[in-house]
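**Student:** The sequence shown maps to residues -34 to -1, 1 to 332 in mature numbering (1 follows the signal peptide of the UniProt record, and there is no 0). Note that CB positions come from ideal geometry on N, CA and C, so glycine has one too. Please see the structure below; I have some questions.
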Amino acid sequence: MNLHLRSRTSLPLALSAVPVVAALGLVAPGAAQAAASCTPDVGGTGLSASVVAHDHQRISRTTVDATGCDIGIYVGAGADHVTIRGVRVTGAGYQGIFAEKVSHLRISDSTVTGNAYKTVDPSAPPLPGSGVRSFVGQAFAISLFGVSHVTVQGNKVYDNGRGGIGVMDNGPFDPGARMEKQNPAAPLVKTSWVKVVDNDTWGNYNGCGVVAATQNVDGALSHITIRDNRITGIGFGAAGPDIGGIVVAADLPGSTVTRADVAGNTVRDSFEGGLIVNSEAPGSSTTGVYLYDNQVSGNNVGFLEAPNTAGVITFAAPGAANNDTRIFRNTITDQFFGVWSRGDHPPTLSANTIAVTAGGVPVSLG
């Protein structure tokens, strides 16, 4: 289970058109170690960004080539009601699109590719829990940390170095900031009312395809919808394994995830389990996570959370709980374990179609 302790990653392992930048009025001159079109230290994260959004802004039908910057598009505190549509984001060292401490954001019909290949760094100290060597705790192609009323819909997210779409809380630990920039006195910022819908993800190495997970002690996520997405694993690349999967997790002590719907997704050939619900620390819990109408096949090829391939995995550590987890009307094929569950309060199952491989077990509860 070490893969999912604190860090949702796995193994240690500038706008190109300046006139567009000027027209948007988004990018200030850079500093040392940043490209000329990068704004340094956005939001106090210690990271630079090619584009910095402002409130009520619409960014559409352009290409953000963030080569030399850490972030492609940064949407930070105070930049509410931002729309990103029909944009191609590529070349960022850490995060393609990074939104934190904002509300009413929409990211749609965009392509996020070729980002986050600098986040795993052998020169960095290992992160607590995962051991991944990185200067930041988390770095997804699309990172949503401490946000509310956000929709991510109809995007293509592929060929990124550390995961696809990440939904997390914020606070004393800012998952997207450099480790030396963390502020133990910062208030908790929960994440709520987030929809991740109708996206295609593949080839996002060293991190989950789609994940909603707490990252702070007593942190909270609520009302999360992950629906009609297509996550397709492609095995190993030069940067590591394509982890894939959809994860809902309470990772830190006292943290909670309440009311999450994972429905209508197609998840195939992931290195980890297809659908995962985890409570991993004392006092952590998930409540009301419903997995339904999903198509799941050929997942957990890395035997990461279960001892063989598995379609759906639920796990609660001692002192943690998965409450009211429901698994229904799913089609699960080409798995040794259809459903593999460990911990108190096993899930409720009904009307699933499960076809296992030779010698396999449709449902394993323990």
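The ligand NAD and residue 170: does any heavy atom of the ligand fall closer than 6 Å to the residue's C-beta?
**Tutor:** Summarising the ligand content, the structure contains no ligands, and the ligand NAD is consequently not present.
**Student:** Could you tell me how far apart the beta carbons of residue 135 and residue 181 are, in whole angstroms, since I believe they sit closer than 8 Å?
**Tutor:** Contact holds; Cβ gap of about 6 Å.
**Student:** Tell me the DSSP secondary structure of residue 122 in three-state form.
**Tutor:** Of the three classes helix, strand and coil, the one that applies to residue 122 here is strand, per DSSP.
**Student:** What residue range does the beta strand (DSSP E) around residue 200 cover?
**Tutor:** Counting along the chain, residue 200 falls outside any beta strand (DSSP E), and DSSP gives it neither H nor E.
**Student:** Does residue 9 come out as helix, strand or coil in the three-state DSSP assignment?
**Tutor:** Helix, per DSSP.
**Student:** Less than 7 Å separating the beta-carbons of residue 24 and residue 49?
**Tutor:** Contact: yes.
**Student:** What residues in its chain sit with their C-beta under 6 Å from that of residue 292, if we drop five residues either side in the sequence?
**Tutor:** Around residue 292: 256 and 314.
**Student:** Which two residues bound the contiguous beta strand (DSSP E) that contains residue 174?
**Tutor:** Per DSSP, residue 174 belongs to the beta strand (DSSP E) from 174 to 179.
**Student:** Work out the CA separation of residue 40 and residue 10 for me, nearest whole Å.
**Tutor:** Taking the straight line from one Cα to the other gives about 12 Å.
**Student:** In the DSSP assignment, what are the bridge partners of residue 154?
**Tutor:** Paired residue(s): none; residue 154 is not in a bridge.
**Student:** Taking 6 Å as the limit between beta carbons, can you name the residues of its chain near residue 74, skipping five residues before and five after?
**Tutor:** Result list for residue 74: 51, 119 and 120, in chain order.
**Student:** Leaving out five residues on either side along the sequence, give the residues of the same chain with a beta carbon under 6 Å from the beta carbon of residue 295.
**Tutor:** Around residue 295: 258, 259 and 317.
**Student:** Along the chain, where does the beta strand (DSSP E) containing residue 262 start, and where does it finish?
**Tutor:** Unbroken beta strand (DSSP E) run through residue 262: 261 to 263.
**Student:** Relative to the C-alpha of residue 20, which residue among 3, 42 and 37 is closest?
**Tutor:** The shortest Cα separation from residue 20 among 3, 42 and 37 belongs to 42.
**Student:** For residue 331, count the other beta carbons within 10 Å of its own beta carbon; 16 or more makes it buried, fewer makes it exposed. Which is it?
**Tutor:** By the 10 Å Cβ count, residue 331 comes out exposed.
**Student:** Helix, strand or coil for residue 316 per DSSP?
**Tutor:** Note: residue 316 maps to strand in three-state DSSP.
**Student:** If you draw a straight line from the C-alpha of residue 197 to the C-alpha of residue 238, how long is it?
**Tutor:** Their Cα atoms are separated by approximately 12 Å.
**Student:** Here's the rule I'm using: 16 or more other beta-carbon atoms within 10 Å means buried, otherwise exposed. How should residue -29 be labelled?
**Tutor:** Residue confidence is low: residue -29 scores 40 on pLDDT, short of 50, so the model does not pin down where it sits. No coordinate-derived value is stated.
**Student:** Curious, which full-length beta strand (DSSP E) runs of at least 3 residues does the region 189 to 256 contain?
**Tutor:** Runs found: 196 to 198, 210 to 216, 222 to 229, 232 to 234 and 241 to 245.
**Student:** Quick one: any contact between the region 52 to 71 and the region 89 to 97, if contact means 3 or more CB pairs under 8 Å?
**Tutor:** With the cut-off at 8 Å, the region 52 to 71 and the region 89 to 97 do not touch.
**Student:** Taking the runs of the beta strand (DSSP E) that are 3 residues or longer, which of them lie wholly in the region 76 to 126?
**Tutor:** For the region 76 to 126, whole beta strand (DSSP E) runs of length 3 or above, ordered along the chain, are 77 to 79, 108 to 111, 114 to 119 and 122 to 126.
**Student:** Taking DSSP as the reference, what is the three-state secondary structure of residue 161?
**Tutor:** Looking at residue 161 - three-state DSSP - the assignment turns out to be strand.
**Student:** Using the rule of at least 16 other Cβ atoms within 10 Å of the residue's Cβ for burial, across every protein chain shown, is residue 265 buried or exposed?
**Tutor:** Buried: at least 16 other Cβ atoms inside 10 Å.
**Student:** Helix or strand or just coil, what does DSSP make of residue 271?
**Tutor:** The answer is coil: DSSP assigns residue 271 none of H, G, I, E or B.
**Student:** With the cut-off set at 7 Å, would you say residue 15 and residue 5 are in Cβ contact?
**Tutor:** Cβ distance < 7 Å, so residue 15 and residue 5 count as in contact.
**Student:** Could you pull out every residue in the same chain whose Cβ sits closer than 6 Å to the Cβ of residue 261, ignoring the five residues on either side in sequence?
**Tutor:** So the list reads 232 and 297, once near-sequence residues are dropped.
**Student:** Give the range of the beta strand (DSSP E) segment to which residue 134 is assigned.
**Tutor:** Looking at the DSSP string, the run of the beta strand (DSSP E) that includes residue 134 is 131 to 134.
**Student:** Taking 7 Å as the threshold (C-beta atoms), are residue 113 and residue 85 in contact?
**Tutor:** No. Outside cutoff.
**Student:** Considering residue 146, what are the terminal residues of the beta strand (DSSP E) in which it resides?
**Tutor:** Per DSSP, residue 146 belongs to no beta strand (DSSP E) and is neither H nor E.
**Student:** Helix, strand or coil for residue 3 per DSSP?
**Tutor:** Residue state, collapsed to three classes: coil.
**Student:** Beta-carbon within less than 6 Å of residue 320's beta-carbon, same chain only, minus the 5 sequence neighbours each way: which residues are those?
**Tutor:** Excluding positions up to five away in sequence, the list reads 298, 304 and 328.
**Student:** To the nearest angstrom, how far is it from the Cα of residue -2 to the Cα of residue 183?
**Tutor:** For residue -2, the predicted structure reports a pLDDT of 41, less than 50, and the residue's modelled location is therefore unreliable. A value from the coordinates is still provided. Whole-angstrom Cα-Cα distance: 33 Å.
**Student:** In whole angstroms, what separates the C-alpha of residue 68 from that of residue 269?
**Tutor:** When rounded, the distance between both Cα atoms is 37 Å.
**Student:** Using 8 Å as the threshold, is the region 245 to 252 in touch with the region 199 to 212, meaning 3 or more CB pairs across them?
**Tutor:** With the cut-off at 8 Å, the region 245 to 252 and the region 199 to 212 do not touch.
**Student:** Any idea what DSSP makes of residue 141, helix, strand or coil?
**Tutor:** Coil.
**Student:** Give every residue of the same chain whose Cβ lies closer than 8 Å to the Cβ of residue 224, excluding the five residues on either side of it in the sequence, and list them in chain order.
**Tutor:** Contacts found: 186, 187, 188, 189, 252, 253 and 254.
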